[in-house]
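A.B. asks: Just so you know, the sequence shown maps onto residues 1 to 495 in the working numbering. First the structure, which I've put down as structure tokens, then a few questions once you've had a look.
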Amino acid sequence: PFAPSYARTASNRLVRSELLSNSASCGTSGCHEQIYHEWLPSAHRFSAMNPPFQAVQKLFAQEREPAETRYCAGCHDPISLFAGAKDIHNQSLSAPGMKEGISCVVCHSISSVDERGNADYVLTPPRKYLWEGTTGWRKKVSDFLIRAFPRQHLADYDRPVLRTPEFCGSCHKQFIPEALNRTGLSPGQNQFDQWKESHWHKDNPDKNLSCVDCHMRLVPGSTDPSAGEAGAVRRSPDDGKHRHHGTVATNMFMPRVMKLPNWKKHVALTEEWIRGETVIPEIAHLWPEGPVAAVTIQSPPKQASPGDELELHVVVTNRKAGHNFTTGPLDFTRAWIHLRITDASGKVLAEWGAIDPKTRAITDEPGKRHQIGNSRREGTLVLESLPLDQQGRPIVRHELWNKAGGKGHRVIFPGYSDHQTYVFRVPAGVKGPLRVTADLNYRRYRQEFLELVVPEMERTSGVYQPTVTQSSDSVTIPIVQSAARERPRDIAKKD
1 PFAPSYARTA
11 SNRLVRSELL
21 SNSASCGTSG
31 CHEQIYHEWL
41 PSAHRFSAMN
51 PPFQAVQKLF
61 AQEREPAETR
71 YCAGCHDPIS
81 LFAGAKDIHN
91 QSLSAPGMKE
101 GISCVVCHSI
111 SSVDERGNAD
121 YVLTPPRKYL
131 WEGTTGWRKK
141 VSDFLIRAFP
151 RQHLADYDRP
161 VLRTPEFCGS
171 CHKQFIPEAL
181 NRTGLSPGQN
191 QFDQWKESHW
201 HKDNPDKNLS
211 CVDCHMRLVP
221 GSTDPSAGEA
231 GAVRRSPDDG
241 KHRHHGTVAT
251 NMFMPRVMKL
261 PNWKKHVALT
271 EEWIRGETVI
281 PEIAHLWPEG
291 PVAAVTIQSP
301 PKQASPGDEL
311 ELHVVVTNRK
321 AGHNFTTGPL
331 DFTRAWIHLR
341 ITDASGKVLA
351 EWGAIDPKTR
361 AITDEPGKRH
371 QIGNSRREGT
381 LVLESLPLDQ
391 QGRPIVRHEL
401 WNKAGGKGHR
411 VIFPGYSDHQ
421 TYVFRVPAGV
431 KGPLRVTADL
441 NYRRYRQEFL
451 ELVVPEMERT
461 SGVYQPTVTQ
471 SSDSVTIPIV
481 QSAARERPRD
491 IAKKD
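Right, dumping it as structure tokens:
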């Protein structure tokens, strides 16, 4: 009943949505209150209810049939999937509790996974205590029973698979199967295999860094009853810490748009993370300080004269991401270089990668919208990919069910670099020195995608997509007159 998703229940039967939702009960005072409040504004929480997902799902159901949207639901909307809501008879494609996305119970009820991805996991619903999930005095009785006799609660919710990278990989590895695109297997985003093949993955557990080490940092001074952990690397049973369930990554936009509880704190953590300012003490000896991805203006000219043609080489290095930079749905996430050259007065002489003030799209040059597939000497560096359908037409609304191939794939593997060359002719009469500034910027969504899929979202919410600068570099190039650059011997010959 769950195909074409690979997600399934142990019994292969539907599960009532109320058994997989009601996460607020986990946040009861004295229980997992801290963790619940961390989860509330997280991407896992808003995975199903965010406007872009809902719009793309609706488009999917219209182009194909509602049952095929189960492909997305295994990772984005498991509560509705397991309740049988992805059906032609349910126009909303949603079940009660859908707004909890990947709820506490869903995540902690996964009993086994397969690293092939596409939500290939088995969900075993927990056995409920007497009156668990109710309210009033019955809830108090249920809470007492859980605390007095926690063995069953731990067995149902504290499963060993939760601590493995394969658990994350069951959703953070995607491909489009032939059954969906009617053509043949086509790869999608795949953070799991990228990490597994990177230098961050080590056989020595003391040197290995996995998903939770970075994205679920330890929270000291925890009041959570699950604080401390035996048998885990860099942990102890009495360390007084729990894993941060905000699962901080790069979506700083949706919590703002939806005004989720604790969104301001979550957005601050996310932007700090994007800028590489996050310090994680327990892995500081393995994970360097500074930007996640660094931009550098490499070997700039020591000086220049009017009329000179300068070549500016700008390098971006993936320093700290455990997977490709950038990652996620590359048809709409964007990381790019914004390069500016100014004179002594601050006047902009040349610019690549600016945001157009009217369309808010990335430009290769002023007035020229960025085109995917540029060479390393054209336009600006944009990390991206363009999926194509069977006829080679661009997929621009994230309709990945039609994806058969792609072009313009440009990302940076962990520890590697990419570069772009910018050519500039120094104008006559310029007042030096020249100032060259390179910013590595990030946006969660391609602006054109938002305009096509959720055209009113920004206006109605009053929240417009922000740009976060991840890293910057700048150099100064003195301007000298041509004669001043000639060697004395050359001047003597002229005399």
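The C-beta atom is built at its ideal place from N, Cα and C for all residues, glycine as well.
1. Measuring CB atoms only, is the stretch 48-68 touching the stretch 447-466, in the sense that at least three cross pairs come out at less than 8 Å?
2. Ordered along the chain, which non-local residues of its own chain (more than five positions away) have a Cβ less than 6 Å from that of residue 21?
3. According to DSSP, is residue 12 helix, strand or coil?
4. Enumerated in chain order, which unbroken segments of the alpha helix (DSSP H) with a length of 4 residues or greater are wholly contained in the stretch 26-72?
5. With DSSP as the reference, label residue 157 as helix, strand or coil.
6. Across which residues does DSSP place residue 405 in a beta bridge pair?
7. When you compare the CB positions of residue 19 and residue 160, do they come within less than 9 Å of one another, or not?
8. Grouping DSSP H, G and I as helix and E and B as strand, with all else coil, what is residue 490?
9. Give me the residue from 5, 89, 406 and 464 with the minimum Cα distance to residue 71.
10. Please work out which residues of its chain come closer than 8 Å, Cβ to Cβ, to residue 16, disregarding the five sequence neighbours upstream and downstream, and give them in chain order.
11. Within the stretch 175-257, note down every full alpha helix (DSSP H) run reaching 4 residues or more, in order along the chain.
12. Using DSSP with H/G/I as helix, E/B as strand and the rest coil, what is residue 78?
13. Curious, which full-length beta strand (DSSP E) runs of at least 3 residues does the stretch 273-300 contain?
14. When the Cα of residue 93 is compared with those of 51, 69 and 109, which residue comes out closest?
15. Inspect the beta-carbon positions of residue 41 and residue 261 and report whether they are closer than 9 Å.
16. Counting along the chain, where does the beta strand (DSSP E) carrying residue 336 start and finish?
17. Taking all protein chains shown into account, decide if residue 158 is buried (16 or more other Cβ within 10 angstroms of its Cβ) or exposed.
18. So for residue 92, helix, strand or coil by DSSP?
19. Comparing C-alpha positions only, which one of 337, 471, 264 and 225 sits nearest to residue 293?
20. Which residue marks the beginning of the beta strand (DSSP E) containing residue 130, and which one marks its end?
21. Assuming residue 412 and residue 325 are in contact, meaning their beta carbons sit under 8 Å apart, how far apart are those beta carbons, in whole angstroms?
22. Using 8 Å as the Cβ pair cut-off and three pairs as the minimum, do the stretch 209-227 and the stretch 243-253 touch?
23. Taking a contact to mean a Cβ-Cβ separation below 9 Å, would you say residue 117 touches residue 171 in this structure?
24. Just how far apart, CA to CA, sit residue 380 and residue 197?
25. Please report the distance separating the alpha-carbon of residue 162 from that of residue 253.
26. Among 106, 315, 386 and 223, which has the Cα closest to the Cα of residue 47?
27. Using a threshold of 9 Å, state whether the C-beta atoms of residue 108 and residue 129 are closer than that.
28. Tell me the rounded alpha-carbon separation between residue 415 and residue 356.
29. So that I know if they touch, is there some Cβ in chain B lying closer than 9 Å to that of residue 299?
30. With residue 425 as the anchor, note down where its beta strand (DSSP E) starts and where it stops.
31. Which residues does DSSP list as the beta-bridge partners of residue 442?
32. Does DSSP put residue 369 in a helix, in a strand, or in coil?
33. Is the beta carbon of residue 385 sitting closer than 9 Å to the one on residue 330?
34. Could you compute how far the alpha carbon of residue 477 sits from the alpha carbon of residue 299?
35. Give the DSSP-derived three-state secondary structure of residue 325 in the structure shown.
36. Could you tell me if residue 7 is buried or exposed, where buried requires 16 or more neighbouring beta carbons within 10 angstroms of its beta carbon?
C.D. replies: This is what the structure gives:
1. yes
2. Translated into the one-based positions of the sequence shown, residue 21 becomes position 21. Here the set comprises 79, 97, 100 and 103.
3. One-based indexing of the sequence shown puts residue 12 at position 12. In the structure shown, residue 12 sits in coil (DSSP, three-state: anything other than H, G, I, E or B).
4. 33-39 and 51-63
5. Your numbering for residue 157 matches position 157 in the sequence shown. Of the three classes helix, strand and coil, the one that applies to residue 157 here is helix, per DSSP.
6. Along the sequence shown, read from residue 1 onward, the residue named residue 405 stands at position 405. Residue 405 pairs with 388.
7. Your numbering for residue 19 matches position 19 in the sequence shown. Your numbering for residue 160 matches position 160 in the sequence shown. For residue 19 and residue 160, no; Cβs fall outside 9 Å.
8. Your numbering for residue 490 matches position 490 in the sequence shown. Residue confidence is low: residue 490 scores 41 on pLDDT, short of 50, so the model does not pin down where it sits. No coordinate-derived value is stated.
9. Within the sequence shown, residue 71 is the residue found at index 71, counting from 1. Nearest C-alpha to residue 71: 5.
10. For this step, residue 16 is matched to residue 16 along the sequence shown. Cβ within range, chain order: 83.
11. Complete alpha helix (DSSP H) runs here, min 4: 178-181, 191-196 and 211-215.
12. Within the sequence shown, numbered from 1, the residue matching residue 78 stands at position 78. Residue 78: helix per DSSP, three-state reduction.
13. 293-298
14. Position 93 of the sequence shown holds residue 93. Here the closest residue by C-alpha is 69.
15. To locate residue 41, count along the sequence shown from 1; it is residue 41. To locate residue 261, count along the sequence shown from 1; it is residue 261. Closer than 9 Å, so yes.
16. Residue numbering aside, residue 336 sits at position 336 when the sequence shown is read from its first letter. 334-342 is the span of the beta strand (DSSP E), which, as asked, contains residue 336.
17. The residue given as residue 158 occupies position 158 in the sequence shown. Exposed is the call here.
18. The residue you call residue 92 lines up with position 92 of the sequence shown. DSSP places residue 92 in coil when its eight states are reduced to three.
19. By one-based count along the sequence shown, residue 293 stands at place 293. Ranking 337, 471, 264 and 225 by Cα distance to residue 293 puts 471 first.
20. As a working note, residue 130 is residue 130 in the sequence shown. Looking at the DSSP string, residue 130 is not in any beta strand (DSSP E), and its letter there is neither H nor E.
21. In the sequence shown, the residue the question calls residue 412 occupies position 412. In the sequence shown, the residue the question calls residue 325 occupies position 325. The Cβ separation is near 5 Å, so the contact holds.
22. In short, these stretches touch, since the Cβ pair count reaches three.
23. In the sequence shown, counting from the first residue as 1, residue 117 sits at position 117. In the sequence shown, counting from the first residue as 1, residue 171 sits at position 171. Closer than 9 Å, so yes.
24. For the purposes of this step, residue 380 is taken as the residue at position 380 of the sequence shown. For the purposes of this step, residue 197 is taken as the residue at position 197 of the sequence shown. In a straight line, the C-alpha of residue 380 is about 29 Å away from that of residue 197.
25. Taking the first residue of the sequence shown as 1, we reach residue 162 at position 162. Taking the first residue of the sequence shown as 1, we reach residue 253 at position 253. So the two alpha carbons sit approximately 28 Å from each other.
26. As a position in the sequence shown, residue 47 is number 47, starting the count at 1. It is 106 whose Cα lies nearest to the Cα of residue 47.
27. To locate residue 108, count along the sequence shown from 1; it is residue 108. To locate residue 129, count along the sequence shown from 1; it is residue 129. In this structure, residue 129 does not lie closer than 9 Å to residue 108 by Cβ.
28. Residue 415 sits at position 415 when you count from the first residue of the sequence shown. Residue 356 sits at position 356 when you count from the first residue of the sequence shown. In a straight line, the C-alpha of residue 415 is about 32 Å away from that of residue 356.
29. In the displayed structure, chain B is absent; only one protein chain is listed.
30. The sequence position of residue 425 within the sequence shown is 425, counting from 1. Counting along the chain, the beta strand (DSSP E) containing residue 425 begins and ends at 417-425.
31. Here residue 442 is taken as the residue at index 442 of the sequence shown, counted from 1. 335 and 468, per the DSSP bridge assignment.
32. Indexing the sequence shown from 1 puts residue 369 at position 369. Residue 369 falls in the strand class under three-state DSSP.
33. Counted from its first residue, the sequence shown places residue 385 at position 385. Counted from its first residue, the sequence shown places residue 330 at position 330. The answer is yes: Cβ separation under 9 Å.
34. Indexing the sequence shown from 1 puts residue 477 at position 477. Indexing the sequence shown from 1 puts residue 299 at position 299. Rounded to whole angstroms, residue 477 to residue 299 spans 11 Å at the Cα level.
35. Against the sequence shown, residue 325 aligns to sequence position 325. Strand at residue 325.
36. Here residue 7 is taken as the residue at index 7 of the sequence shown, counted from 1. Buried is the call here.
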